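Protein chains in written order, with the working numbering: chain A, 0 to 174; chain B, 136 to 390.
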C-alpha cells in the first residue's frame, strides 16, 4: 500500500493513526482495526444488537466443531492434504473441505509429490479476517498450548510412564 | 461441549435401555472417535499417559454399540485399534528384550495431538465470536424482500380486449399432422413375382415405378428381402454402390 500510494511508510502510519483517532474520539460507531495484513473499518461490538434489530445486517453462521478442527489443522500444517487431515481427526474430511472452500476460508495451494499427486490445502486471507488475525503467526505457538506444556508423569514402580523404557521394566497392566 | 461433563455423572456399566437411547442421540455430537476417547478419558479421570486400555476399549465399544453401521465406520476402526492394542499389551515380553515399545504410544500421541487441535479450536471460536458481531462496509447480505404486487386497476372488458389483441397478433403455430403411411409389402411381393414371371433377371429400376412414393420404395425393398429369404430370388451387387441385380431363383420352389 505504501508503494502504491508512493508515500513513505511513516506517512501511511500517521495517516492511519489520524483516522483511528478520529473514529475513536468523536463517538463514531466504527473503528479502525488491523486485520489480515491490512486494515478494516468495522462497526463496534456494542452496536451489534442494534444493527441486527434494524435488520441492516445479520451475523454470519457459526462453524461446526468439525469444521473448526479441520481449519485449525490446515492453519497450522499448511500446505496439507486431505489424507493427513483425516488421519489427525480420525474421520473423513471430504464434505467439510468442500464447505470450507465454498466459504472462502481455504483454498488449494498445490499438489503433493506422492502417489496420486493429492491436492494440498491452505488458509486464505478471508480466514485471517474472519478470525480477527493479523497474520498466521498470531495463532498460539505450539509451546504456548497448554497440552504441550504438560510434562508426562515420572515413572513409578507400579505404573511406568507410557514413554518407551529401556531398563527392562515390565509392561503396564493391561487394564 | 460443556454439556458433556453433565451427562456422565453415573459410573458406566449402567445397562438401562433408556441410557442406551440417550447415547444414540449424544454420539452424533462427537466430532469423531478421538473426541469420544478424550471424553471417556476425562470423565473417568484417566491419566492419558497410562491408559487402562482394556477398560477404555470396553467403554468405547459400549458407547458405539447403538450406532447405525454407516455412521459407525470411523468409530469401528478406532475400536479395532483399541482391541488390537489390548491384545498387544497382553502378549508376554521376550526375555532379554531391552527396548519395549508401548503399544499405546501411537494412540497417546494421536490423542495429545488432537487435544492440541481442540485447544486451537477454542482460540478460534473466541476470536470468531468477536469478529462475528462486527460489520464492514459493503456488507451486502440483505433480507429477501418480497415485493407486493399492486392490485389491478383495469376492468374485465378491458382485460378481455387486450387478450384478444394479443391473440390476433400472435402467429399461428405450425401444426404438422403426422399421418402414418402403411406399407404394402404383400402388394409389392405380388409386383415382384409378376415381373419375375416374365423375366429371369431384373434391375432395381425395373421394379420401381416412376415417381414412387417413400412407402412404395420401402414396400418393394422389404418384398425383395422377403422373397430372397424364401429363396424365390437372388440379390447381387457387383460393385459397391452399383445397382443390384435381381435374379429369379427357380432352384428352390416354395413347397
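For every residue, glycine included, the Cβ atom is placed at its ideal position computed from N, Cα and C. Source: prediction; values computed, not measured.
Exercise. Grab me the residues of residue 241(B)'s own chain with a C-beta within less than 6 Å of its C-beta, minus the 5 sequence neighbours each way, in chain order.
Key: none
Practice problem: With 7 Å as the limit, tell me which residues of the region 282-313 of chain B have their beta carbon closer than that to any beta carbon of chain A; keep them in chain order. | Solution: Listed by position, the residues of the region 282-313 of chain B near chain A (Cβ gap below 7 Å) amount to none.
Exercise. Apply the 10 Å Cβ neighbour rule to residue 310(B) and answer buried if 16 or more other Cβ atoms are within range, or exposed otherwise.
Key: exposed
Practice problem: May I ask you to report which of helix, strand or coil DSSP gives residue 192(B)? | Solution: helix
Quiz item: Taking all protein chains shown into account, do 16 or more other C-beta atoms lie within 10 angstroms of the C-beta of residue 250(B), making it buried, or fewer, making it exposed?
Solution: buried
Quiz item: Cβ of residue 239(B) within 8 Å of Cβ of residue 176(B)?
Solution: Result no, Cβ atoms of residue 239(B) and residue 176(B) do not sit closer than 8 Å.
Quiz item: Quick one: is residue 11(A) buried, meaning 16 or more other Cβ sit within 10 Å of its Cβ, or exposed?
Solution: Exposed, by the Cβ-count rule.
Quiz item: For chain B, is any of its Cβ atoms less than 8 Å away from the one on residue 77(A)?
Solution: No, residue 77(A) lies away from the interface with chain B (no Cβ there is under 8 Å from its Cβ).
Practice problem: Specify the secondary structure class of residue 180(B) as computed by DSSP and reduced to three states. | Solution: coil
Self-check item: residue 152(A) versus residue 29(A) - alpha carbon distance
Solution: Summary for residue 152(A): the model assigns pLDDT 47, below 50, so the residue's position carries little reliability; its value from the coordinates is reported in the next sentence. About 50 Å.
Quiz item: Exposed or buried, which one is residue 71(A) when buried takes at least 16 other CB atoms within 10 Å?
Solution: buried
Quiz item: Can you tell me whether residue 334(B) is buried or exposed, with buried defined as 16 or more other CB within 10 angstroms of its CB?
Solution: It counts as exposed.
Practice problem: Please classify residue 140(A): is it buried, with 16 or more other beta-carbons within 10 angstroms of its beta-carbon, or exposed? | Solution: exposed
Self-check item: Separation of residue 300(B) from residue 56(A), as counted between CA atoms
Solution: Looking at the two C-alpha atoms, the distance is approximately 47 Å.
Quiz item: In or out: residue 150(A) buried (at least 16 other Cβ within 10 Å) or exposed?
Solution: Reliability fails at residue 150(A), whose pLDDT of 49 lies under 50, so the model's placement of it is uncertain and the value that follows must be treated cautiously. Its Cβ having fewer than 16 others within 10 Å, residue 150(A) is exposed.
Practice problem: Find the residues of chain B that neighbour residue 65(A), judging by a C-beta separation of less than 8 Å, and give them in chain order. | Solution: Those are 166 and 167, listed as they occur along chain B.
Quiz item: Residue range of the beta strand (DSSP E) that residue 106(A) falls in?
Solution: 105-110
Quiz item: Can you list the residues of chain B that residue 108(A) reaches, using a CB-CB cut of under 9 Å?
Solution: In chain order: nothing, as chain B lies at least about 20 Å away.
Quiz item: Using a Cβ-Cβ cut-off of 8 Å (strictly less than) and excluding sequence neighbours within five positions of residue 91(A), which residues of its own chain qualify?
Solution: 85
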